[in-house]
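Working notes, structure below.
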Amino acid sequence: MEYVRAVHANLQSSIFTLMRILHLIHQYPPEFVGGSELHTQRLARRQAAAGHEVAVFTRVPGSGMTTREDTGVRIYAAGHGTTTPTQRFLATWGDGDLTAGFDRALEAVQPDLIHIQHMMGQPYAIFRRIRTAQIPAVMTLHDFWWVCANAQLLTNYSREICAGPALWLNCARCMLARGEQAAAWVAYPALPPLLGVRSRMLRAVMEYAAALLAPCAFVRDWYADHGAPPDRTRVLPLGIDAPPEEAGDAPPVRRANEPLRVLYAGGLAWQKGVHILLEAARSVTGPLAVEIAGDPADYPAYVADLRELADARVHFLGRLDRAALWTAMRRAHLIAVPALWYETYSFLIREAFAVQRPVFASNLGAPADAVRHDVDGLLLPPGDVEAWRAALQRAVDEPALLTRLGAAARPPMTLEAESEQTLAIYADVLRAA
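In the numbering used here, each residue's number is its place in the sequence shown (first place is 1) plus 20.
Spelled out as structure tokens, the structure:
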């Protein structure tokens, strides 16, 4: 309990200049390179560069506890073996290795504040440790996992957008559809009560957090409707690194007879809607070039379907590093975001706006918050091939359209600005504790 007393002593100070910050996240680079993981890494590095003592606790495949330095950030990685979706779900109820690893990290870091980025596959016991020690906490709502065990609000059994739990009966069906064994259906009667317990546990985490950060208004409002305390949930857009100078900052100008260059960059998964873009492009007349950037290894069957859909005007670029992505974006006249699910944020849209590229996006979720229809892009009905075809045809036929839309793009939040605002929120939380 010495640490608990030390925390309370620290909280008596009215001014916090440098802080000890511990980020809690389910997985982390280099083993995992998703959006929340990469963003947490960049934010932690930025905070460390500002002079704060910053650490990350995460889980990794394997066993044992490892520590390492990452650009001024101390990484505590607890091994948990390999996991399936079912194992990640059950880990919420307990995982001794992860709990012990967190105890070690907590003792070593003695944080003034914990930033809960994500807890998928991590035990609820970790939160109990935080609550017992009365360590102030801030949360970022990266996805819907705190309410939806699938994290995506997209059903596994029908690929439909979900409105959220309905007595957890639909959640149980979704979970079983994702399960590894057909015989798991015999467990269906037990799952709704179990999912109800999960909901109560995770809601307790949200209720404990002194501030909940939503990347956009859509996510803030959705969580407010599903149990997050609205008075403590605020919008803080996720920042991006400034583009290199060579990426340019002028809106696109398409020369005579030059093909309309369309770029999609991101995950190659069904819910991203890339097939909608390719189906629409097949019927567009006139000069057109579509570039698809993304790792083909994650969903090879879907990528095979995309290649079948693609005509000769479609080019698959594979996975791009940051420099290559900016080059592709500079080459493009417009960026496509044809999502079929509720995106909680889109770094691609912000990066496009940073170099004044207009965005055609599905009128759904976070993209609808970011894109202003017929101002800096077009918002289109999700999954509507004809609407996408008509929008692309308009862009081919009206070269000045994209120049006008690109010129209206608003500068996005930078990572530096987000880090400063996040640190200010930390300081407010600590002063109020």
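Cβ atoms here follow ideal geometry from the backbone N, Cα and C, with glycine treated the same way.
- Task: Measure the CB-CB distance between A69 and L42 and report whether it falls below 8 Å.
- Result: The Cβ atoms of A69 and L42 lie no closer than 8 Å to each other.
- Looking only at its own chain, which residues have a Cβ that is under 8 Å from the Cβ of G338, when we skip the five neighbours before and after it? Here the set comprises A313, G314, D315 and P316.
- Task: Give me the Cβ distance between H138 and H162, rounded to the nearest whole Å; I'm assuming they're in contact under 8 Å.
- Result: At roughly 6 Å, the Cβ-Cβ gap stays under 8 Å, so H138 and H162 are in contact.
- Item | Complete runs of the beta strand (DSSP E) confined to the stretch 65-148 [at least 3 residues] | Counting whole runs of 3 or more residues, the stretch 65-148 contains the beta strand (DSSP E) stretches 73-80, 85-90, 93-99 and 133-136.
- Message: What does the alpha-carbon distance come out to for the pair A64 and F109?
- Response: If I take the Cα positions, the gap works out to 27 Å.
- Compare the beta carbon distance of M140 and A229 with 8 Å and say whether it is the shorter of the two. Against a cut-off of 8 Å, the Cβ pair of A229 and M140 comes out as no contact.
- Task: Below 6 Å CB to CB, which residues in the same chain sit around Y144 once its five sequence neighbours on both sides are set aside?
- Result: For Y144, where only same-chain residues beyond five positions count, the Cβ hits under 6 Å are T112 and M221.
- Message: Please return the same chain residues whose Cβ sits closer than 6 Å to the Cβ of L233, not counting the five positions on each side in sequence.
- Response: Leaving aside the five residues that flank L233 on each side, the residues in its chain whose CB is nearer than 6 Å to its CB run, in chain order, T160 and L256.
- Query: How would you label H393, buried or exposed, when you count the other beta carbons within 10 angstroms and need 16 or more for buried?
  - Reply: By the beta-carbon neighbour count (other beta carbons within 10 angstroms, threshold 16), H393 is exposed.
- Does the separation of the CB atoms of A285 and Q376 fall below 8 Å? At a Cβ-Cβ threshold of 8 Å, A285 and Q376 do not count as neighbours.
- Message: Mapping the DSSP letters down to three states, classify V391 as helix, strand or coil.
- Response: Annotated three-state conformation of V391 is coil, per DSSP.
- Task: Determine the extent of the alpha helix (DSSP H) in which Y284 is found, giving its start and end residues.
- Result: Membership of Y284 in any alpha helix (DSSP H) is not indicated; the residue belongs instead to the beta strand (DSSP E) covering L280 to A285.
- Message: By alpha-carbon positions, which one of L398, A157 and T37 ends up nearest to A415?
- Response: By alpha-carbon distance to A415, the top candidate from L398, A157 and T37 is L398.
- Query: Taking just the CA atoms, how far does A98 sit from P431?
  - Reply: When the Cα atoms are used, P431 and A98 turn out to be separated by approximately 39 Å.
- Item | Presumed contact (8 Å Cβ cut-off) between R79 and L118, rounded CB distance | Contact between R79 and L118 is confirmed by a C-beta separation of about 6 Å, below the 8 Å threshold.
- Message: I'd like the list of long-range same chain contacts for E22, defined as Cβ closer than 8 Å, with 5 residues on each side in sequence excluded.
- Response: The predicted position of E22 is uncertain, since its pLDDT is 43 and thus under 50; no value can be drawn from it.
- Can the beta-carbon of D14 be found less than 8 Å from the beta-carbon of A374? Given that the chain is displayed from residue 21 to residue 453, the structure contains no residue 14 and the question cannot be resolved.
- Under 6 Å Cβ to Cβ from T87, same chain only, skipping five residues before and after it: list those, please. In its chain, beyond the 5 residues on either side, Y96 have a beta carbon closer than 6 Å to the beta carbon of T87.
- Own chain, CB closer than 7 Å to V405, minus 5 neighbours either side, in chain order: Within the same chain, V405 has close Cβ partners I296, E299 and A300.
- Query: What number of angstroms, rounded off, separates the C-alpha of I369 from the C-alpha of Y48?
  - Reply: Cα to Cα, I369 sits roughly 23 Å from Y48.
- Query: Measuring CA to CA, which of L360, R218 and Y243 is closest to L288?
  - Reply: Comparing alpha carbon positions, the residue from L360, R218 and Y243 closest to L288 is L360.
- Message: Between which residues of its own chain and Q32 is the CB-CB distance below 7 Å, once the five residues before and five after are set aside?
- Response: Note that Q32 scores a pLDDT of 40, beneath 50, so its modelled location is shaky; the value from the coordinates is reported in the next line. There are no such residues.
- Query: What residues are listed by DSSP as bridge partners for V158?
  - Reply: Per the DSSP secondary-structure output, V158 pairs in a beta bridge with H135 and A231.
- Message: According to DSSP, is V10 part of a helix, a strand, or is it coil?
- Response: No information on residue 10 is available, as it lies outside the stretch 21 to 453 that the chain covers here.
- To which residues of the same chain is L189 closer than 7 Å at the C-beta, ignoring the five residues directly before and after it? Same-chain partners within the cutoff: P212.
- Query: Exposed or buried, what is G293 when buried is set at 16 or more other beta-carbons lying within 10 Å of its beta-carbon?
  - Reply: Taking every protein chain shown into account, the CB of G293 has 16 or more other CB atoms within 10 angstroms, so this residue is buried.
- Query: So what's A262 in DSSP terms, helix, strand or just coil?
  - Reply: DSSP, reduced to helix, strand and coil, places A262 outside both helices and strands of the structure shown, so it counts as coil.
- Kindly indicate the opening and closing residues of the beta strand (DSSP E) around V379. Run containing V379: V379 to S382, per the beta strand (DSSP E) assignment.
- Query: What's the gap between the Cα of P307 and the Cα of A444?
  - Reply: Taking the straight line from one Cα to the other gives about 50 Å.
- Message: With H, G and I counted as helix, E and B as strand and the rest as coil, what does DSSP make of F238?
- Response: Reduced to three states, the DSSP call for F238 is helix.
- Task: Within its chain, find whatever has a CB closer than 7 Å to the CB of T253; leave out the 5 residues flanking it on each side and keep chain order.
- Result: Only L232, A234, R240, Y243 and A244 meet the Cβ criterion.
- Query: Do P156 and L450 have their C-beta atoms within less than 8 Å of each other?
  - Reply: Result yes, Cβ atoms of P156 and L450 sit closer than 8 Å.
- Item | Rounded C-alpha distance that separates E89 from D448 | Annotation: E89 to D448 spans about 28 Å, alpha carbon to alpha carbon.
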